[in-house]
Amino acid sequence: SSLKQQNCERLQTAKDEDEDVADPIDDREIFDLIRSINDPEHPLSLEELNVVEQVRVRVDDQENTVGVEFTPTIPHCSMATLIGLSIKVKLLRSLPERFKIDVHITPGMHTSEDAVNKQLADKERVAAALENSQLLEVVNQCLISNARTS
Amino acid sequence: MESRESELKGLGADFVFGFVQSVDGERDPRNLLLAFHIARKIVHEGYDLGKFTEELFEVTSCYFPIDFSPPANDPHGITQEELVLALRVVLTGTPRFAEFLLPLIIEKLDSDVQSAKLDSLQTLTACASVYEHKDLAQFLPGLWASLRREVFQTASERVESAGLAAVGTLTACLSRSVLNSDSEDSLNVFLELVLKDCQHHLCEPDLKLVWPSAKLLQATSTASYRASHRVAAAVLPSLIEQYNSRTQVSHTIQLGRSIIINVGVRLTFLTVGHDLINSDNDVISLPTGTGAFSLEEVISVCHSLQKIAEQAQDTEETGGVFHDVIPRLLGLALQAALQGENIPTNSLLAGQTASRAVSLFLDGDVSFLPENTIPAQIQLLKVRFQCDSRSQSQMVCLLMGCVCWLPRTVEVPQMDRLLLELLELSCTCDHPLSYTSAAKCYAGLVNKSPAGETLKRISTELDSASSPVRTQAFTLLLWVSKALLLRYHPLSTTLTDKLFSLLSDPELGWLAADGFSLLMSDSPDVLNRGSHADVRIMYRQRFFTENSAKLVEGFNAAVQEKKSGYLKALSHIVNNLPRQVQLTELPALLPLLLEALSCPDQGVQVSTLSCLQPVLLDPPSALITQLEVCLTSSSQKVRIASLRCIHALSRFPEHEVRLWPALVLRALAAPLDDHKRVVRSEAAVARNEWFLLGSPGGR
Numbered sequence: 001s002s003l004k005q006q007n008c009e010r011l012q013t014a015k016d017e018d019e020d021v022a023d024p025i026d027d028r029e030i031f032d033l034i035r036s037i038n039d040p041e042h043p044l045s046l047e048e049l050n051v052v053e054q055v056r057v058r059v060d061d062q063e064n065t066v067g068v069e070f071t072p073t074i075p076h077c078s079m080a081t082l083i084g085l086s087i088k089v090k091l092l093r094s095l096p097e098r099f100k101i102d103v104h105i106t107p108g109m110h111t112s113e114d115a116v117n118k119q120l121a122d123k124e125r126v127a128a129a130l131e132n133s134q135l136l137e138v139v140n141q142c143l144i145s146n147a148r149t150s
Numbered sequence: 001m002e003s004r005e006s007e008l009k010g011l012g013a014d015f016v017f018g019f020v021q022s023v024d025g026e027r028d029p030r031n032l033l034l035a036f037h038i039a040r041k042i043v044h045e046g047y048d049l050g051k052f053t054e055e056l057f058e059v060t061s062c063y064f065p066i067d068f069s070p071p072a073n074d075p076h077g078i079t080q081e082e083l084v085l086a087l088r089v090v091l092t093g094t095p096r097f098a099e100f101l102l103p104l105i106i107e108k109l110d111s112d113v114q115s116a117k118l119d120s121l122q123t124l125t126a127c128a129s130v131y132e133h134k135d136l137a138q139f140l141p142g143l144w145a146s147l148r149r150e151v152f153q154t155a156s157e158r159v160e161s162a163g164l165a166a167v168g169t170l171t172a173c174l175s176r177s178v179l180n181s182d183s184e185d186s187l188n189v190f191l192e193l194v195l196k197d198c199q200h201h202l203c204e205p206d207l208k209l210v211w212p213s214a215k216l217l218q219a220t221s222t223a224s225y226r227a228s229h230r231v232a233a234a235v236l237p238s239l240i241e242q243y244n245s246r247t248q249v250s251h252t253i254q255l256g257r258s259i260i261i262n263v264g265v266r267l268t269f270l271t272v273g274h275d276l277i278n279s280d281n282d283v284i285s286l287p288t289g290t291g292a293f294s295l296e297e298v299i300s301v302c303h304s305l306q307k308i309a310e311q312a313q314d315t316e317e318t319g320g321v322f323h324d325v326i327p328r329l330l331g332l333a334l335q336a337a338l339q340g341e342n343i344p345t346n347s348l349l350a351g352q353t354a355s356r357a358v359s360l361f362l363d364g365d366v367s368f369l370p371e372n373t374i375p376a377q378i379q380l381l382k383v384r385f386q387c388d389s390r391s392q393s394q395m396v397c398l399l400m401g402c403v404c405w406l407p408r409t410v411e412v413p414q415m416d417r418l419l420l421e422l423l424e425l426s427c428t429c430d431h432p433l434s435y436t437s438a439a440k441c442y443a444g445l446v447n448k449s450p451a452g453e454t455l456k457r458i459s460t461e462l463d464s465a466s467s468p469v470r471t472q473a474f475t476l477l478l479w480v481s482k483a484l485l486l487r488y489h490p491l492s493t494t495l496t497d498k499l500f501s502l503l504s505d506p507e508l509g510w511l512a513a514d515g516f517s518l519l520m521s522d523s524p525d526v527l528n529r530g531s532h533a534d535v536r537i538m539y540r541q542r543f544f545t546e547n548s549a550k551l552v553e554g555f556n557a558a559v560q561e562k563k564s565g566y567l568k569a570l571s572h573i574v575n576n577l578p579r580q581v582q583l584t585e586l587p588a589l590l591p592l593l594l595e596a597l598s599c600p601d602q603g604v605q606v607s608t609l610s611c612l613q614p615v616l617l618d619p620p621s622a623l624i625t626q627l628e629v630c631l632t633s634s635s636q637k638v639r640i641a642s643l644r645c646i647h648a649l650s651r652f653p654e655h656e657v658r659l660w661p662a663l664v665l666r667a668l669a670a671p672l673d674d675h676k677r678v679v680r681s682e683a684a685v686a687r688n689e690w691f692l693l694g695s696p697g698g699r
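Sequence order for the protein chains is A and B.
Reminder that position 94 of the first sequence reads as 94 in UniProt numbering, one-by-one numbering, no gaps.
Reminder that position 253 of the second sequence reads as 253 in UniProt numbering, one-by-one numbering, no gaps.
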């Protein structure tokens, strides 16, 4: 993951240094949160596997909405729910409470996309899933950060 | 022979031949004695042996070893001893006999008869002192095998000591060799044999071969400079390692000490010892140079002495070694200094040497220094501005070593005069090492001496700091402050306040900031518990408590460029506090420290981080509270730094932080929505880490 990330490290601008200027939350920022999530099966990140791409991320800071489309590696991918869950959890942990987070499969990219999308959209289902320690374990392992270059 | 020498010599080899024939078969001791005397003359006084060398040897050596019991009431009084010695002189008389004598000796050493052994060993010793290495070279393995046997398996002390003596002279003989480029180094060959058989025994303290091996090694190393080098270099590393690794060290010390005390060139050993102590693994470089020692050697000797002193047992014997060696070193050092070179050094001395040192420095009394060519009445403390005598003024660091390490019960003679001289030297000399050492020495003395007139003088002297000697005055101020602070003398507050005020001084500000490190930390060469200084308990804590407010105030009032000085001073003080105190005091200073982290001065960053580090090692929950406060700072840098600290806290051992996650996660919720992106990103990272803490699949 490091190669891609290094090439795309976000440049600091003068505005960033200025205390008084507010930086809006943009697509890039959301993408930076999810790009290095680990794939549960392969030793690669979701970005490296092209499961997530910046173009498929939409955020509206004013409307408090975030939308992420993700593309499973193969149409029958059995890990699709897990991947989706990892993205959702990462965003839940990393974003202010005001945001409504929508994570779904890129349309037409998976055989069971409706079922998966429904699960991911259901708050209670998600909460219950995270109380399952085995599931939580797997999710956490996807979220363990690789060395962050700072 | 005495009167007709030339005529007899004129007969040539025939004379020898005739002599040999007439001696053959002789049994009467009187005749034999005479025969031996004649043979000695033949051998020693240049008679031509022709081709009858071997015959001459055989006819005399067949009586070796002499076994003669004079009959009772013998009117002639010839003793075995006489015969033995007379014969020995013949046999060892010429190197031409070597090829015959040495095998004979080896053969006779095998004998069970003790007197035969003894005679052989003594004969060997005798011939080795006249032979050269080439005579011995081919017989070394055989000789060594027998000698080793005699020492390892001896039942008799006489045989053992004769054997050791033989080893010694053998080594000495081999050492006398002059090496050509194509000749083998016989000494090396021999020492290889010795080391191969003896070295490993030194590491087996319970087997009975330790001491015989040690004695053999000692015998070789005392024989010559070259041998001592070689043996010490080979043996010391394992001895030292042994010493370090074993609890039962007495025998190792004794071994080491026996080598120290008995090596003829004592200082050479120590120089080698230093290289070894400092060497990584097997990289050993032996110093070159004979006779007068180079400065590096003296320095390294001093260093290794120090290490040995630290590790050696405090016994009379050890003390004796040092008391002997130190004045030599002083002498050496002085001599080297007079040749214009630098020597920093350090040493332990007792009161007697201290008073010698004082009389040396104050009055130029050099009488106690052995073998020196130093001019009497040398003025070591008076030298000020002559640049080429600065090496002499540096010697005051030796004085410091002498007088500042005495127990308080030992009085330093001529104290007042000494203090006066030192004060002068420290305030006026232009050479940094000299005036610093003078200041340290002064401080070391002032710390222990009862308060009085002397102390009042300091404040008056310092207040008149005029520009050319400001640095010197500052150095003195620093050291005296330390001396008085340690014993919490009332005057110390005045002095430390002066130091605080100097933090904003354009010239000395940075020196003052760093000076606090010196003030608070342990100094190895003076004013520490080891040197019996007057150190009150909790002085650092007290100092911090009484002055931290002052420092914070100063920091807040200072201009931007000067702030770092205050921070540096603060971090130096805090770094040296006992851990418990740090934990209680630091959280309150946290805003200050975190702001310091964002200071561009790397020095400040480093000292601040090292300030924070002890707290981070064992964090109190108050830390989180403080960090939370920092999260609301108006400076994004502070917010970022606090977030990073909170992130770092997640790395702690679980048991220390297991109660915190809820607290932290809540605290981190708001920064997720910070108006600056960088802050948000740091908050996200930290928060995610804390989620993983203690969670399945997490860290």
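Where a beta carbon is used, it is the ideal one built from N, C-alpha and C, also for glycine.
Here the structure is a predicted model, which means the values were calculated and not measured.
Review point. By Cβ distance below 8 Å, which residues in the same chain neighbour ASN281 (chain B) in space, the five residues on each side in sequence not counted?
Key: Caution applies to ASN281 (chain B), whose pLDDT of 20 falls short of 50 and renders its modelled position unreliable; the value that the coordinates give is listed next. Closer than 8 Å at the Cβ level, and outside the excluded window around ASN281 (chain B), lies no residue.
Review point. Whose C-alpha, out of A:VAL126, A:GLN12, A:GLN134 and A:PRO96, is nearest the C-alpha of ASP60 (chain A)?
Key: Of the candidates A:VAL126, A:GLN12, A:GLN134 and A:PRO96, the residue whose Cα lies closest to the Cα of ASP60 (chain A) is A:PRO96.
Practice item. Identify the contact partners of PRO696 (chain B) in chain A, using a Cβ-Cβ distance below 8 Å as the criterion. Key: Neighbours of PRO696 (chain B) on chain A, chain order: SER133, GLN134, LEU136, GLU137 and ASN140.
Point to revise | Beta-carbon proximity of ARG230 (chain B) to LEU170 (chain B), cut-off 9 Å | key: Not a contact, by the Cβ cut-off of 9 Å.
Check your understanding: On the premise that LEU631 (chain B) lies in contact with ALA667 (chain B), defined as a C-beta separation below 8 Å, what is that separation, rounded to the nearest angstrom?
Key -> Correct: roughly 7 Å between the Cβ atoms.
Point to revise | Cross-chain neighbours of ARG666 (chain B) in chain A, by beta carbon under 7 Å | key: Within chain A, not a single residue places a beta-carbon under 7 Å from that of ARG666 (chain B); the smallest gap is close to 11 Å.
Review point. What does a CB cutoff of less than 8 Å around GLU507 (chain B) pick up in its chain, not counting 5 residues either side in sequence?
Key: Take GLU507 (chain B), set aside five residues on each side of it, and the residues of its chain with a beta-carbon closer than 8 Å to its own are ARG470, in chain order.
Practice item. For the alpha helix (DSSP H) holding VAL43 (chain B), just list the boundary residues, first then last. Key: Residues 29-44.
Check your understanding: For the beta strand (DSSP E) that HIS104 (chain A) lies in, which residues bound it at each end?
Key -> First-last of the beta strand (DSSP E) with HIS104 (chain A): 100-105.
Check your understanding: If you measure from the beta carbon of GLU689 (chain B) to each beta carbon in chain A, is any gap under 9 Å?
Key -> At least one C-beta of chain A is nearer than 9 Å to the C-beta of GLU689 (chain B).
Review point. So ARG658 (chain B) is in the alpha helix (DSSP H); what residue range does that whole segment cover?
Key: No alpha helix (DSSP H) holds ARG658 (chain B); DSSP gives it neither H nor E.
Check your understanding: Looking at chain B, which residues of the segment 73-102 of chain A have a Cβ within less than 8 Å of any of its Cβ atoms?
Key -> Result list: LYS90, ARG93, SER94, LEU95, PRO96, GLU97 and ARG98.
Exercise for review: Starting from ARG28 (chain A), trace the alpha helix (DSSP H) both ways and give me its first and last residue.
Suggested key: ARG28 (chain A) -> alpha helix (DSSP H) spans 27-34.
Review point. Where does the unbroken beta strand (DSSP E) through PHE70 (chain A) begin, and where does it stop?
Key: Unbroken beta strand (DSSP E) run through PHE70 (chain A): 65-70.
Review point. What whole-angstrom Cβ distance do SER125 (chain B) and LEU87 (chain B) have, given they're in contact under 8 Å?
Key: This sequence places Thr at residue 125 (chain B); Ser is not what is there. Going by Cβ atoms, the distance from THR125 (chain B) to LEU87 (chain B) rounds to 15 Å, so no, they are not a contact pair.
Exercise for review: Inspect the CB distances between the segment 626-645 of chain B and the segment 587-599 of chain B and report whether three or more fall short of 8 Å.
Suggested key: Taking 8 Å as the limit for Cβ pairs, the verdict is that the segment 587-599 of chain B does touch the segment 626-645 of chain B.
Point to revise | The alpha helix (DSSP H) enclosing ASP416 (chain B), as first and last residue numbers | key: Where ASP416 (chain B) is concerned, the enclosing alpha helix (DSSP H) starts and stops at 415-428.
Check your understanding: Using DSSP with H/G/I as helix, E/B as strand and the rest coil, what is residue 168 (chain A)?
Key -> A question about residue 168 (chain A) goes unanswered here, because the residues of chain A that appear run from 1 up to 150.
Check your understanding: Hey, would you say SER120 (chain B) sits closer than 9 Å to SER111 (chain B), going by beta carbons?
Key -> It is a contact, given that the beta carbons lie within the stated cut-off.
Review point. Does the beta-carbon of HIS572 (chain B) have 16 or more other beta-carbons within 10 angstroms, so that it is buried, or is it exposed?
Key: Classification of HIS572 (chain B): buried, given that the 10 Å Cβ count is 16 or more.
Exercise for review: Could you check if CYS62 (chain B) is buried or exposed, using at least 16 other CB atoms within 10 Å of its CB as the buried criterion?
Suggested key: So CYS62 (chain B) counts as exposed.
Review point. Hey, quick one: how far does the alpha helix (DSSP H) through LYS196 (chain B) stretch, first residue to last?
Key: Segment 186-198, the alpha helix (DSSP H) holding LYS196 (chain B).
Review point. If you measure from the beta carbon of ILE260 (chain B) to each beta carbon in chain A, is any gap under 9 Å?
Key: For ILE260 (chain B), the predicted model reports a pLDDT of 44, less than 50, meaning its position is unreliable; a value from the coordinates is still stated below. Answer no: the Cβ-Cβ gap between ILE260 (chain B) and chain A never drops below 9 Å.
Review point. Would a C-beta distance cut-off of 9 Å place LEU120 (chain A) and GLY67 (chain A) closer than the cut-off?
Key: In this structure, GLY67 (chain A) does not lie closer than 9 Å to LEU120 (chain A) by Cβ.
Exercise for review: Taking 8 Å as the threshold, find out whether the segment 159-167 of chain B comes into contact with the segment 213-224 of chain B through three or more Cβ pairs.
Suggested key: Enough Cβ pairs lie closer than 8 Å, so yes.
Review point. Nearest chain A C-beta to LYS676 (chain B) closer than 9 Å, yes or no?
Key: Under the Cβ criterion of 9 Å, LYS676 (chain B) is counted among the residues facing chain A.
Point to revise | Selected residue, minimal CA-CA separation from GLY68 (chain B), among B:PHE97, B:LEU33, B:PHE19 and B:TYR566 | key: Contrary to the premise, residue 68 (chain B) reads as Phe rather than Gly in this sequence. The shortest C-alpha separation from PHE68 (chain B) is found at B:LEU33.
Check your understanding: Is PRO432 (chain B) helix, strand or coil by DSSP?
Key -> In this structure, PRO432 (chain B) counts as helix in the three-state DSSP scheme.
Review point. Just by C-beta distance, which residues in the segment 630-664 of chain B are closer than 8 Å to chain A?
Key: Cβ contacts with chain A come from SER634, SER635 and GLN636.
Review point. Just the Cα atoms here: how many angstroms apart are PRO65 (chain B) and GLU58 (chain B)?
Key: Using only the alpha carbons, I get a separation of about 13 Å.
Review point. Does the Cβ of LYS108 (chain B) have 16 or more other Cβ atoms within 10 Å, making it buried, or fewer, making it exposed?
Key: Buried, by the Cβ-count rule.
Review point. For LYS90 (chain A), which residues of its own chain have a beta-carbon under 7 Å away from its beta-carbon, when the five flanking residues on both sides are left out?
Key: Scanning its chain for C-beta atoms nearer than 7 Å, with the 5 sequence neighbours on each side dropped, one finds around LYS90 (chain A) the residues LEU33, ILE34, ILE37 and LEU143, in chain order.
Review point. Can a CB atom of chain B be found closer than 9 Å to the CB of ALA22 (chain A)?
Key: Yes, ALA22 (chain A) lies at the interface with chain B (some Cβ there is under 9 Å from its Cβ).
Practice item. Check SER133 (chain A) in the structure and name its three-state DSSP category. Key: Look at SER133 (chain A) here: in three-state DSSP terms it is helix.
Review point. Given LYS41 (chain B), which residues of its chain have a CB within under 8 Å of its CB, disregarding the five upstream and five downstream residues?
Key: For LYS41 (chain B), where only same-chain residues beyond five positions count, the Cβ hits under 8 Å are MET1 and TYR47.
Review point. Shorter than 9 Å from the beta carbon of VAL685 (chain B) to some beta carbon of chain A?
Key: Interface residue (Cβ-Cβ distance to chain A less than 9 Å): VAL685 (chain B) is classified as such.
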